[in-house]
Amino acid sequence: MPDGPRLEDAVNETCPWSGDPIAADSLTTYRGAVVGFCNPGCRDKFDTATTAFDLALDARQARQD
Ligand SMILES: [Zn+2]
Numbered sequence: 000m001p002d003g004p005r006l007e008d009a010v011n012e013t014c015p016w017s018g019d020p021i022a023a024d025s026l027t028t029y030r031g032a033v034v035g036f037c038n039p040g041c042r043d044k045f046d047t048a049t050t051a052f053d054l055a056l057d058a059r060q061a062r063q064d
């Protein structure tokens, strides 16, 4: 059985987008910690942004090497 991020492990209690309470089906991980959102749409918006920035930072780092 997959053991995903758990609501009780989240570092925040309210969604940074809306201020609403976070939901168990709307968790992801960031910098090794569980972070929560009020719904999967909010989470996916965050995931999309952080993934894009991670890729951009990796690309910049690669150019500097
Ligand atoms: Zn939200």
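Numbering-wise (numbering that gives the first Met the number 0), the sequence shown opens with residue 0 and increments by one.
C-beta atoms are modelled at their ideal positions from N, C-alpha and C, and glycine is treated no differently.
Any non-hydrogen atom of ligand 1 closer than 7 Å to residue i Cβ
{"i": "D19", "result": "yes"}
{"i": "F45", "result": "no"}
{"i": "N11", "result": "no"}
{"i": "F52", "result": "no"}
Counted within 10 angstroms of its Cβ, other Cβ atoms place residue i as buried (16 or more) or exposed
{"i": "G35", "result": "buried"}
{"i": "R42", "result": "buried"}
{"i": "A23", "result": "exposed"}
{"i": "A61", "result": "exposed"}
For residue i, the nearest candidate out of the options (CA to CA)
{"i": "L26", "options": "D19, P39 and A61", "result": "P39"}
{"i": "G3", "options": "Q63, T28, L54 and L56", "result": "T28"}
{"i": "G31", "options": "A58, D8, D64 and S17", "result": "D8"}
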